[in-house]
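There are 2 protein chains.
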Amino acid sequence: MSTRVQPPTGPAIVREQVDSVLRDFLHQKATQAQGRGLPPEVAEVLGDFLAAGGKKLRPLLCVTGWQAAGGTGDLAPVLRVGAALEMFHAFCLIHDDIMDNSATRRGRPTVHRALAALYAPGRRGPLANRMGSNTAILIGDLALTWSDELVHTAGLTASRLASVLPLLDTMRTEVMYGQYLDVCATGTPTADLARALAIIRYKTAKYTVERPLHIGAALVAAPESVHAALSAYALPIGEAFQLRDDLLGVFGDPAATGKPSLDDLREGKHTALVGLALQRADAIEQHLLQTRIGDPGLDEPTAARIRRTLTTTGARGTVEQMIMDRYEQAQRALEQVPFPPQAVAALRELADLAVKRSA
Amino acid sequence: MSTRVQPPTGPAIVREQVDSVLRDFLHQKATQAQGRGLPPEVAEVLGDFLAAGGKKLRPLLCVTGWQAAGGTGDLAPVLRVGAALEMFHAFCLIHDDIMDNSATRRGRPTVHRALAALYAPGRRGPLANRMGSNTAILIGDLALTWSDELVHTAGLTASRLASVLPLLDTMRTEVMYGQYLDVCATGTPTADLARALAIIRYKTAKYTVERPLHIGAALVAAPESVHAALSAYALPIGEAFQLRDDLLGVFGDPAATGKPSLDDLREGKHTALVGLALQRADAIEQHLLQTRIGDPGLDEPTAARIRRTLTTTGARGTVEQMIMDRYEQAQRALEQVPFPPQAVAALRELADLAVKRSA
Chain A
25 MSTRVQPPTG
35 PAIVREQVDS
45 VLRDFLHQKA
55 TQAQGRGLPP
65 EVAEVLGDFL
75 AAGGKKLRPL
85 LCVTGWQAAG
95 GTGDLAPVLR
105 VGAALEMFHA
115 FCLIHDDIMD
125 NSATRRGRPT
135 VHRALAALYA
145 PGRRGPLANR
155 MGSNTAILIG
165 DLALTWSDEL
175 VHTAGLTASR
185 LASVLPLLDT
195 MRTEVMYGQY
205 LDVCATGTPT
215 ADLARALAII
225 RYKTAKYTVE
235 RPLHIGAALV
245 AAPESVHAAL
255 SAYALPIGEA
265 FQLRDDLLGV
275 FGDPAATGKP
285 SLDDLREGKH
295 TALVGLALQR
305 ADAIEQHLLQ
315 TRIGDPGLDE
325 PTAARIRRTL
335 TTTGARGTVE
345 QMIMDRYEQA
355 QRALEQVPFP
365 PQAVAALREL
375 ADLAVKRSA
Chain B
25 MSTRVQPPTG
35 PAIVREQVDS
45 VLRDFLHQKA
55 TQAQGRGLPP
65 EVAEVLGDFL
75 AAGGKKLRPL
85 LCVTGWQAAG
95 GTGDLAPVLR
105 VGAALEMFHA
115 FCLIHDDIMD
125 NSATRRGRPT
135 VHRALAALYA
145 PGRRGPLANR
155 MGSNTAILIG
165 DLALTWSDEL
175 VHTAGLTASR
185 LASVLPLLDT
195 MRTEVMYGQY
205 LDVCATGTPT
215 ADLARALAII
225 RYKTAKYTVE
235 RPLHIGAALV
245 AAPESVHAAL
255 SAYALPIGEA
265 FQLRDDLLGV
275 FGDPAATGKP
285 SLDDLREGKH
295 TALVGLALQR
305 ADAIEQHLLQ
315 TRIGDPGLDE
325 PTAARIRRTL
335 TTTGARGTVE
345 QMIMDRYEQA
355 QRALEQVPFP
365 PQAVAALREL
375 ADLAVKRSA
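Sequence order for the protein chains is A and B.
The numbering of the first sequence is the numbering used here, which starts it at 25 and goes up by one.
The numbering of the second sequence is the numbering used here, which starts it at 25 and goes up by one.
This is the structure in structure tokens:
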């Protein structure tokens, strides 16, 4: 264990500092654009989206991975790489909301809807909507590019940069494949639990938890054993995180989650919850689930019947059990790890945050 | 001048070798995906798109920039970076075709249309179309990510990689801003020639010509003077290239260009051609141009009237003159450059290719 002074790395401080990196970066982008006669709203819309909140889970995990691998000293490059992960996540969410045609995110209009409203004056409705989607695709693309730029300007040594870049490539490929599986399965829910779990693994367990930890660890040249120990924690807790998300998407309080509780059911997301219910439902319940999950016109009374069926078939209870099993597996994985106690404490806290939440 | 043996770098050989890099890379991606239960069609669809042709202008310019800066010896890393530029361009075109809702590209169905057809069996029409767009957005995103991966695995030294990455960041930001300007101006053509030229500068002159040359030059640690000499050639020839493209989009032969000749007019692209015509048109002609350019239902007889107006106002002739002025400016810029004769010859040839073409 190092005896050097550790910089403060509590969640509130990390969130605040990541916000500050992103704010400064985008302010500079807006100023540069304005100076060249380019539209400053591109960076401003992205800045508003990032400022609207979010858990900043990936930057927190990046810092924690760095600590777990024995990182000490200057936190600035770690925070900047963490900010890059948050910027990449903004890209994912902006494109995701276009694909799902979602109206709100974090209690506000989604980026494509906000842009459609911005460009509405003087344009016909369909043209304004298309401009909203098209400019949002481009702002998402820019967020992806700028996430790279944040990494490239993080002041990493050549050898650290060389070990981080392949992990970023892998992370991005994994989440895009996960998203692809999700898009292909959406609207036609089936009893295929393995497929639902594959989506969870790529979209969330690897993308949201494992890779941010690995990237943080790669910032201090961690040995392979540290990466493996991080994976043993990350994959179960990441699955638990997404299973909780799926439950909140159907049973959560919209005031807490910031999104309407009918969205997931209307969208027809293929989740473990729905897969399990379809495995166990009788013929009448199967008919209800198969015809109404994925129905864009789904109303609240029918949604309430679906929720009851998801509960009475035992699917909801099984998912709760799956969450607890994975939560405990992740906690056990932390028992023998070679990480500093501060990192272990942070990982235990993040496990609680991921699993025991209402938003 | 180096007396070392130069590798063969003629256009046909570069195209063939870039194709081979892309084919091998995507074949490996498809195999890896299949092994992990992930959809192999992602890499296959992208491979089909890349195999369908294209001028490979950016890889050619990357190789030429490398030669201009005195590059000799192993061409493999240069070709791989060139292949990365082609992969990035695939990302641009795939997203572009979604934004424009284009049906064909290079004489084949666009990626989102091909995917909609692939996913049509067993799905309602609107759902299949949405799946086509959504999976195409994701395949575009993967092309962007894989373009990075090609650069990261090109075997560059740490210092070469460190000088290429910021250029890639700049190139990507520029083309996305250019695209953003284009999207915002599309559908509402005006007489604003400066805006049309700004779109051309960012979308084409910098993206298609200047940055690929700079990136090639950065692969041999070229001094700033080489970059400046490349820009003096690149910006005028890049503008000429796009002005030619705009003429071909309206007056070209669909059999040669591979896209319907009504698309650009129906789309209502804000081009220098249309801007100039609006500056010079009488009241009746202005009404025709302003109400029918950007009309998705535009028919061939009305398009013929628009083409006549673009010609009789002198706009077409002025654009031809602008192309020739820029072509000659680029040729003059090559008179005093510190490049090897082989590179100068290649740049002169590319200038001809860019300007004097029918497709």
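Just so it is clear, CB atoms sit at the ideal spot from N, CA and C, and this is done for glycine as well.
Name the chain B residues that come within less than 9 Å of residue i, Cβ to Cβ?
i	result
glycine 262/A	Within chain B, no residue comes near glycine 262/A; the closest Cβ sits about 17 Å away, beyond 9 Å.
histidine 251/A	Under the 9 Å cutoff, chain B gives no residues; its nearest Cβ is about 18 Å from histidine 251/A.
methionine 155/A	Val207, Cys208, Thr210, Gly211
Take residue i as the anchor and find which of the options has the nearest alpha-carbon.
i	options	result
histidine 51/B	Gly34/B, Leu70/B, Thr33/B	Leu70/B
alanine 114/B	Gly318/B, Leu162/B, Leu180/B, Leu286/B	Leu162/B
methionine 155/B	Leu166/B, Thr169/B, Gly146/B, His136/B	His136/B
threonine 281/A	Asp269/A, Gly202/A, Gly292/A	Asp269/A
valine 66/B	Ala75/B, Ala242/B, Thr295/B, Ala54/B	Ala54/B
arginine 225/A	Leu142/A, His238/A, Asp121/A, Leu205/A	Leu205/A
leucine 81/B	Leu272/B, Ala369/B, Asn158/B, Gly262/B	Gly262/B
alanine 307/B	Thr337/B, Gly318/B, Asp288/B, Glu291/B	Thr337/B
phenylalanine 73/A	Val233/A, Asp43/A, Arg184/A	Asp43/A
threonine 88/B	Gly341/B, Gln314/B, Glu352/B, Val250/B	Val250/B
arginine 147/B	Thr159/A, Thr210/A, Glu40/A, Glu234/A	Thr210/A
alanine 357/A	Met348/A, Tyr257/A, Pro278/A	Tyr257/A
aspartate 349/B	Ala375/B, Ala328/B, Glu291/B	Ala375/B
arginine 329/B	Gln310/B, Gly341/B, Asp193/B, Val343/B	Gln310/B
leucine 109/A	Leu46/A, Pro365/A, Gly273/A, Arg129/A	Leu46/A
Mind listing the chain A neighbours of residue i? Cutoff is C-beta to C-beta under 8 Å, in chain order.
i	result
leucine 151/B	Gly211
threonine 159/B	Tyr204, Val207, Cys208
alanine 182/B	Ala182, Ser183, Leu185, Ala186
methionine 111/B	Going along chain A, no residue has its Cβ under 8 Å from methionine 111/B, so there is no contact; the nearest lies around 13 Å.
histidine 238/B	Neighbours of histidine 238/B on chain A: none; closest Cβ ~16 Å, over 8 Å.
Who are residue i's beta bridge partners in DSSP?
i	result
arginine 132/B	Arg129/B
Can you pull the chain A residues whose beta carbon is under 9 Å from the beta carbon of residue i, in chain order?
i	result
leucine 312/B	By Cβ distance, chain A contributes nothing, its closest Cβ being about 20 Å from leucine 312/B, past 9 Å.
valine 66/B	Met200, Tyr201, Tyr204
leucine 166/B	Arg196, Thr197, Met200, Tyr201, Tyr204
Which class does residue i belong to by DSSP, given the choice of helix, strand or coil?
i	result
arginine 39/A	helix
proline 32/A	coil
glycine 318/B	coil
arginine 381/B	coil
alanine 296/A	helix
glycine 89/A	helix
valine 375/B	Looking at the sequence itself, residue 375/B is alanine, so the reference to valine does not match. In the structure shown, alanine 375/B sits in a helix (DSSP, three-state: H, G or I).
threonine 281/A	helix
alanine 305/B	coil
glycine 99/B	Checking the sequence, you will find leucine at residue 99/B rather than glycine. The answer is coil: DSSP assigns leucine 99/B none of H, G, I, E or B.
leucine 286/A	coil
glycine 94/A	coil
Given that residue i touches chain A, what residues does it touch there, using C-beta distances under 7 Å?
i	result
alanine 222/B	Gly61
threonine 169/B	Asp193, Arg196, Thr197, Met200
leucine 162/B	Met200, Gln203, Tyr204, Val207
methionine 123/B	Asn158, Ile161
Which residues in chain D sit within 8 Å of residue i, going by Cβ to Cβ distance?
i	result
leucine 189/A	You won't find chain D in this structure, because its protein chains are A and B.
Against residue i, what residues of chain B qualify as contacts under a CB-to-CB distance less than 8 Å, listed in chain order?
i	result
alanine 357/A	What alanine 357/A touches in chain B: nothing, since even the nearest Cβ is about 23 Å away.
histidine 136/A	In chain order: nothing, as chain B lies at least about 12 Å away.
Review point. At what residue ranges does the segment 141-215 of chain B contain a whole run of the alpha helix (DSSP H), taking only runs of 4 or more?
Key: The segment 141-215 of chain B contains these whole alpha helix (DSSP H) runs: 149-176, 182-209.
Practice item. Return the chain-ordered ranges of every alpha helix (DSSP H) run that is complete within the segment 218-275 of chain A and spans a minimum of 4 residues. Key: Runs found: 235-242, 248-275.
Review point. Residue ranges of each alpha helix (DSSP H) run of no fewer than 4 residues wholly in the segment 53-83 of chain A, ordered along the chain?
Key: Here the runs fully enclosed are 65-75.
**Study point:** Complete alpha helix (DSSP H) runs within the segment 322-365 of chain B (minimum length 4 residues, chain order)
**Key:** You should have 324-336, 339-357.
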